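So the structure is just underneath, and the comments pick up after that.
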Amino acid sequence: MYLVSDPACVRHMLVDNHANYWKGPILRGVELIIGDGLFGSDGQLWQQQRRVMSPAFHRRRLTEMVGVMTEVVEAATVRWNDRIARKAPVDLLEEMVPINIEIVLRTLFGTSIDHCEIGKLRAASDIIFHHSEKLVFSYFLPMCIPRPGHRRFLAALSVVDEAVERIVAERRRDPADRGDLLSMLLLARDEGTRTAMGDRQVRDEVMSILMTGYESTAAALGWTWYLLSQHPDADARLQTELDSVLGGRVPSLQDLPRLIYTRQVISESLRLYPPFPTFFRTSYGSDHLGPHNLPPGAALIISPYVTHRLTEHWSNPRTSTPRGSIPTAPPSGRTKPTIRSASASACASVRTCRCWSSRSLSQPSPSGSTASSCPATCSSPITTSPYGPATVCP
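Letter by letter, the sequence shown follows residues -15 to 378 in this note's numbering.
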C-alpha cells in the first residue's frame, strides 16, 4: 500500500491520469447504502453521472438553496440564544450535525417532507452514517456475517428507502421543477441518449448526497468554531468584518465575495481538518508517480490531512492559528496544494460546503463567550468530526 502526499502526484492520479484509477474495494462495504451513486461509481458511469449532477451545484441552484440555509440557521440561532438566556450552555459542535442534516434533507426534497418526517429521516440517517464506518472497514467480510447493530441499520435504511421511493413516485406524477435537488435529478437527461435516470439511480444519488453531506460540512463548521474559540483575535476580526459588510442584516449569496476574511477562516479550517482526511484508489494498470513505478493493482491512500501539512508548501503547517495560516493570497509563484482543487470528483460539493459554511458563520453568534474545555479530537474514522465541546457559556 502506498501513501501519496506530493501534490503533483495527487493531481496526476485524480486529474491527468484518473482513468487508470478506481475507488478500490474498500467502498464495497457501503454499496448497500450508496449503490452506483456518484460517490461510489467509477469509469463511464461516474463521468455520465457527474455531467448530470454538476448543474445542481451551479450558482443558480445555490441561490435557491440559500433561503433554506437562512431559515434553518436563524431558527438555530433563536434556539441557542433562548438557552443562553436561561443560563444553559450551548455546545456548538454538538449542534452542527442536526442543523446540517436538516439543510441536506430540505435542499434534497424541498416541500415534499414535513418537519415530522425530517425528524424521522434525520434519526435514520444518523444510524446509517455511523454504521457505515463498520461496513467500510469490514468490506472484506460477506454481508451474511453479522455485525453489531446491523439489524438496526437495515431498519433505518428501509425508512430512508421507503421515503425516497414514495417521494420519487409523487414527483413522477407531477414532474415540475420545484427548485430542489430531487427535481434536478428527475429532470436531468443524458447528453447522448436523452434518457432520464431510473428510480434506482435516483435513489443511489440521493443516498450519495445524504451520506457525503451528512457530516462533511458539520465537521468543517465544528472545527471552525473550535479554532475560533482558541483564537479570540481571529474571532474578533471575523465579527468586525461581518458587522462592516452586513450591518446586522441577513446575508445573501451576493454578500459572500465581500466576506473575504470569513472565507479565509473557513479555508484554514478545511486545510487543517479536511472533512475526509483520507480516501483510496487502486490502479488498473502500471503507472509512474514521481520517481516511483506503480504495478497494476496497487492500493493507494491519498491523505489531504497529510498534504495540507507539508512544510515545503506551508509555513508552520501544523499550527492551528488562523493568524498566519490564512494568507490573503498564495506566496508568489506558488499554488497552495489543496486536495479539493485537484480532484474532479470533489468540485461539486466544495461550492455547497463553502456557501453553507459562510452562511452559517455570517449569522449573528449566540450571546455568550465560546470556550473549549478540552483539546478537540477526531471522533470518526471516516471524517475528521471533532469530539470535545466548544461551549457557548452564559
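Glycine included, C-beta positions come from ideal geometry on N, C-alpha and C.
Predicted model only: the values in this text are computed from it and were never measured.
**Study point:** Beta-carbon gap between L237 and R265 smaller than 8 Å
**Key:** no
Practice item. Specify, as a first and last residue, the run of the beta strand (DSSP E) that V(-6) falls within. Key: Segment P(-9) to R(-5) is the alpha helix (DSSP H) holding V(-6); no beta strand (DSSP E) there.
Exercise for review: Ignoring anything shorter than 4 residues or poking outside the segment 71 to 123, list the alpha helix (DSSP H) runs there in chain order.
Suggested key: 76 to 93 and 99 to 120
Practice item. Quick one: using the 10 Å Cβ neighbour count with 16 as the cut-off for buried, is C440 buried or exposed? Key: In the structure as shown, the chain begins at -15 and stops at 378. Residue 440 is therefore absent and cannot be evaluated.
Practice item. Taking only runs that begin and end inside the segment 220 to 269, name each unbroken beta strand (DSSP E) of 3 or more residues, in chain order. Key: 263 to 267
Review point. What does a CB cutoff of less than 7 Å around S325 pick up in its chain, not counting 5 residues either side in sequence?
Key: In this prediction, S325 has a pLDDT of 41, which is less than 50 and means its spatial position is unreliable; nothing more can be read from the coordinates.
Practice item. Could you check how far apart the C-beta atoms of G382 and S192 are, in whole angstroms? I think they sit under 8 Å. Key: Since the displayed the chain opens at -15 and closes at 378, residue 382 lies outside it and no answer follows.
Review point. Which same chain residues, not among the five before or five after S109, have their C-beta less than 7 Å away from its C-beta?
Key: I85, V144, L194 and Y198
Review point. Per DSSP, what kind of secondary structure is D145 in: helix, strand or coil?
Key: helix
Review point. Buried or exposed: which applies to A313, given that a residue is buried once 16 or more other Cβ atoms fall within 10 Å of its Cβ?
Key: A caution first: A313 carries a pLDDT of 37, below 50, which makes its placement in the model too unreliable to give a value.
Review point. For P301 versus T368, is the C-beta distance shorter than 8 Å?
Key: no
Practice item. Within the same chain, show all residues whose beta-carbon is closer than 7 Å to that of V148, passing over the 5 residues directly before and after it, in chain order. Key: R187 and V190
Exercise for review: Please look up how many angstroms separate the CB atoms of G166 and L92, rounded, as I've assumed it's under 8 Å.
Suggested key: Reading off the sequence, residue 166 comes out as Leu, not Gly. Confirmed, Cβ separation roughly 6 Å.
Review point. Is the segment 235 to 253 touching the segment 42 to 62 in the sense that three or more CB pairs, one from each, lie closer than 8 Å?
Key: yes
Exercise for review: Starting from I18, trace the alpha helix (DSSP H) both ways and give me its first and last residue.
Suggested key: E15 to I18
Practice item. State the DSSP-derived secondary structure class of S333, mapped to helix, strand or coil. Key: Unreliable placement is indicated for S333, whose pLDDT of 43 sits below 50; no coordinate value is reported for it.
Review point. Excluding the five sequence neighbours on either side, which residues of its own chain have a C-beta within less than 6 Å of the C-beta of D183, listed in chain order?
Key: V152
Review point. Which residues mark the beginning and the end of the alpha helix (DSSP H) in which A204 is found?
Key: S200 to Q214
Check your understanding: Is V229 near L243, with beta carbons less than 8 Å apart?
Key -> yes
Check your understanding: Going by DSSP, which residues form a beta bridge with L273?
Key -> H276
Exercise for review: Output yes or no for whether 8 Å exceeds the beta carbon distance between P138 and I17.
Suggested key: Per the sequence shown, residue 138 should be read as Leu rather than Pro. Going by C-beta atoms, L138 is not nearer than 8 Å to I17.
Review point. Which residue comes first and which comes last in the alpha helix (DSSP H) that contains L171?
Key: L165 to L171
Practice item. With DSSP as the reference, label I286 as helix, strand or coil. Key: strand
Review point. Near R15, what residues of its chain come up, given a Cβ to Cβ distance below 8 Å and the 5 sequence neighbours on each side ignored?
Key: The displayed chain sequence assigns Glu, not Arg, to residue 15. Cβ neighbours of E15 beyond the five flanking positions: G24.
**Study point:** Identity of the residues DSSP links to V(-13) by a beta bridge
**Key:** Reading the sequence as shown, one finds Leu at residue -13 and not Val. Looking at the DSSP assignment, L(-13) forms a beta bridge with I285.
Point to revise | W6 (DSSP reduced to helix, strand or coil) | key: strand
Practice item. With a 10 Å radius around its C-beta and 16 neighbouring C-beta atoms as the bar for buried, classify H272 as buried or exposed. Key: exposed
Check your understanding: Exposed or buried, which one is M(-15) when buried takes at least 16 other CB atoms within 10 Å?
Key -> exposed
Review point. Cα separation between V74 and D98?
Key: 26 Å
Check your understanding: What did DSSP end up calling T368 once you bin it into helix, strand or coil?
Key -> coil
Practice item. Determine the direct distance from the alpha carbon of R35 to that of A180, and round the result to whole angstroms. Key: 13 Å
Point to revise | Buried versus exposed call for R90 [16 or more other C-beta atoms within 10 Å across all chains shown] | key: buried
Review point. L125: buried (16+ other C-beta within 10 angstroms of its C-beta) or exposed?
Key: exposed
**Study point:** Close beta carbons around D161, own chain, < 7 Å, minus the five adjacent residues each side
**Key:** S167 and L171
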